[in-house]
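S.K.: I have a structure here, written as structure tokens, and I will follow up with some questions on it.
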Amino acid sequence: MTVDATATSVSGVNIKSSQNRLLIKNGRIVNDDGIEEADVYIEDGIIKQVGRNLIIPGGTRTIDAAGKLVMPGGIDPHTHFELEMMGAKTADDFYKGTRAAVAGGTTTIIDFVLPEKGQSLLEAYANWREKADNKVCCDYGLHVGVTWWSPAVQKEMKQLVSEQYGVNSFKMFMAYRNTWMLDDYDLYCAIETCAELKALPQVHAENGHIIARNTEKLLAAGVTRPEGHQLSRDEEVESEAVNRACVIANQANSPLYIVHMMSKSAVRALQLARNKQKQPVYGETLAATVGTDGTHYRNSCFRHAAAHVLSPPLRPDPSTPQAMVEALADDHLQLIGSDNCTFHEKDKEIGKGNFSKIPNGVNGVEDRMTILWQKGVNTGIMDPCRFVAVTSSSAAKIFNLWPQKGRVAVNSDADIVVWDPRLEKTITAASHKQAVDFNIFEGQHVVGGPQYVIVNGRVCLDDGELRVVEGLGKFLKTPINSPYVYGEQNLSHADHDLLEPLSRDSPDRVNGSSVPT
Ligand code: URP
Ligand code: ZN
Ligand code: ZN
Ligand code: ZN
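Each residue of the sequence shown is one higher than the last, beginning at 1 in the UniProt record's numbering.
As structure tokens, then:
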């Protein structure tokens, strides 16, 4: 067990007795549905009172949040800690990764169990729990990958959604042809099974066959550098798969969640589907997508270019980042994750003579909130309520953690960020908390960030000082049949006119969340 700064053991009395009561005074509470001037009183990890002039027991620690925003802690719905892929292991493990998450204002992460083809899903799930349970500094949930198909896999999906395991989402891959990809028949079966179980299917939408053939052609033509990665899988390779996944989900009468949407073309395909599908379809984009772009693949430094390799790739169209922020503001996309999947330079070098061997993944878990604040709120594209929706509340609703998570309200978990809209910093790998030796946002100056981060009632970022405790977080069971996906409170899916352009002036823009409050 590792403990930072002044923290004592996770089971130690000190932590509980000194930190079990907390008052956050004079702040402005921002939830996804509104802003309120109120104080927040926390006891034993739970929000007990919200209001002004609260009656509080003596000896309670007080944080003065005057001039600050008091928001639900971020929920990052997409991380890969301690993942082995493409011959390498991610730099961030569950300790360093969740520690970095907390440093950036995120208090819950949802990671992906990714079984090998032929491996038992239950076995892979047990491995992930073993890796994570004693290391996480904040609460975490798990999605499970369906990387192959058989009656045994279907049976294990049924087991995984039970109360014993607490999984309500499964990720299927339309790419990574030799490892995790499913063909359309198996994808249909997996999505159908999710719908029958009232779980949520997630899809990595790219056409794996086209990528494989394009890769062969590029390598044969002598294109070996990282720019080949983007050239082998351009926007239509993504948007075709988005459309196909939506059609399959519609045929299966299932809701759908598309992970890491990276392009304007993909968002357009999603928008068309959202207008016509019988069931809701959700789109997630990434901090990487709004914070940088695919022009980096042409950087003459291999290390620099390879550090930006992820799938689907960043797009060279320089208007993409702002368009994605606008899509988040307009509810054409519903949430933002990090897809944090970091590899050190030495691991990226596996692909030095062949771009298709560069381990895929970038950082983002630490910078996700500040990057979106900078690109979305400071620019006036989205208001703070929508910021809370896309960084926290919508994930809580979709993955059935609401209102335990994603809300500052009585009886919710005390996962809170005291956000200073004036805090300035320049992002750099030299000072970031992540283990990886590169940062794709290097040198970006951001205004606005967390001053205090409270995880289950404990102050883990204390006026800028990180004081996390390894193992303090717990595994969150995510129950099936989320009312926001399957129930009366269903996220509306047909909120726009067909062929509505991706433009700034949509009438439904600000706070146009289809996630009900
Ligand atoms: O490049 C990426 N996205 N790496 C992580 C694996 C995945 O597809 O999410
Ligand atoms: Zn993926
Ligand atoms: Zn991922
Ligand atoms: Zn719209």
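Note that beta-carbon positions come from the ideal geometry of N, C-alpha and C, so glycine has one too.
May I ask you to check if the CB of L83 is nearer than 8 Å to at least one heavy atom of ligand 1?
M.R.: yes
S.K.: Measuring only from the beta carbon, is V113 closer than 8 Å to any heavy atom that is part of ligand 2?
M.R.: no
S.K.: Does Q164 pass the burial test, meaning 16 or more other C-beta atoms within 10 Å, or should it be called exposed?
M.R.: So Q164 counts as exposed.
S.K.: Which complete beta strand (DSSP E) runs does the region 277–340 hold, if anything under 3 residues is left out?
M.R.: 281–286 and 335–337
S.K.: I need the straight-line Cα distance from N20 to V40, nearest angstrom please.
M.R.: 13 Å
S.K.: Contact defined as beta carbons within less than 8 Å: I believe I427 pairs with F441. What is the distance between those atoms, to the nearest angstrom?
M.R.: 4 Å
S.K.: Ligand 3 heavy atoms versus the CB of C341: any closer than 8 Å?
M.R.: yes
S.K.: Between the region 458–476 and the region 127–137, can you find at least three pairs of beta-carbon atoms closer than 8 Å?
M.R.: yes
S.K.: For N214, name the three-state secondary structure that DSSP assigns.
M.R.: It is helical.
S.K.: Please state the DSSP three-state secondary structure of A88.
M.R.: strand
S.K.: Distance check for G105 and R386, CA to CA, integer angstroms please.
M.R.: 16 Å
S.K.: Could you check whether the Cβ of V259 sits closer than 8 Å to any heavy atom belonging to ligand 3?
M.R.: Between ligand 3 and V259, a heavy atom-to-CB distance of less than 8 Å is present.
S.K.: Got a sec, what are the start and stop residues for the beta strand (DSSP E) N53 sits in?
M.R.: Note, N53: premise wrong, no beta strand (DSSP E); not H, not E.
S.K.: Which one or two residues does DSSP pair with V418 in a beta bridge?
M.R.: V418 is bridged to V70 and Y452.
S.K.: Can you list, in chain order, the residues of its chain with a C-beta nearer than 6 Å to that of A100? Leave out the 5 residues immediately preceding and following it.
M.R.: Counting only Cβ-Cβ distances below 6 Å, and skipping sequence neighbours, we find V365, E366, K433 and Q434.
S.K.: According to DSSP, what are the bridge partners of D462?
M.R.: Y452 and E465
S.K.: Under 8 Å: does the beta carbon of V309 sit that close to some heavy atom of ligand 1?
M.R.: yes
S.K.: Which word fits R422, buried or exposed, when buried means at least 16 other C-beta atoms lie within 10 angstroms of its C-beta?
M.R.: Counting other Cβ atoms within 10 Å of its Cβ, R422 stays below 16 and is therefore classed as exposed.
S.K.: The beta strand (DSSP E) with K25 in it runs from where to where?
M.R.: Boundaries of the beta strand (DSSP E) around K25: R21 to K25.
S.K.: If I follow the unbroken beta strand (DSSP E) through T108, where does it start and stop?
M.R.: For T108, the enclosing beta strand (DSSP E) stretches over residues T106 to V113.
S.K.: At what residues does the beta strand (DSSP E) containing S169 begin and finish?
M.R.: S169 to F173
S.K.: K375 to Q279, Cα distance in whole Å?
M.R.: Cα to Cα, the separation comes out at about 31 Å.
S.K.: Is the Cβ-Cβ distance between S265 and E236 less than 9 Å?
M.R.: yes
S.K.: On the CB-based measure, 16 or more other CB atoms within 10 Å of its CB, does C194 come out buried or exposed?
M.R.: Counting the other CB atoms within 10 Å of its CB gives C194 a total of 16 or more, which places it among the buried residues.
S.K.: For a minimum of 4 consecutive residues, which ranges assigned as the alpha helix (DSSP H) are wholly contained in the region 237–277?
M.R.: 264–276
S.K.: Looking only at C-alpha atoms, which of L200, E206 and A199 sits nearest to M181?
M.R.: For the set L200, E206 and A199, the Cα lying nearest the Cα of M181 is the one of E206.
S.K.: In or out: S319 buried (at least 16 other Cβ within 10 Å) or exposed?
M.R.: exposed
S.K.: Between A252 and E156, is the Cβ-Cβ spacing less than 9 Å?
M.R.: no
S.K.: Any heavy atom of ligand 3 closer than 8 Å to the CB of G361?
M.R.: yes
S.K.: Are three or more beta carbon pairs between the region 265–274 and the region 239–249 nearer than 8 Å?
M.R.: Enough Cβ pairs lie closer than 8 Å, so yes.
S.K.: If I measure Cβ to Cβ from N178 and keep anything under 7 Å in the same chain, skipping five residues before and after, which residues do I get?
M.R.: Counting only Cβ-Cβ distances below 7 Å, and skipping sequence neighbours, we find nothing.
S.K.: Identify the residues that DSSP records as bridge partners of F475: which are they?
M.R.: Y140
S.K.: When you compare each of K357, V325 and I210 to T391 by their alpha carbons, which one comes out closest?
M.R.: Minimum Cα distance to T391 is reached at V325.
S.K.: Which of helix, strand or coil does DSSP assign to H204?
M.R.: strand
S.K.: Buried or exposed, going by whether 16 or more other CB atoms sit within 10 Å of the CB of T379?
M.R.: exposed
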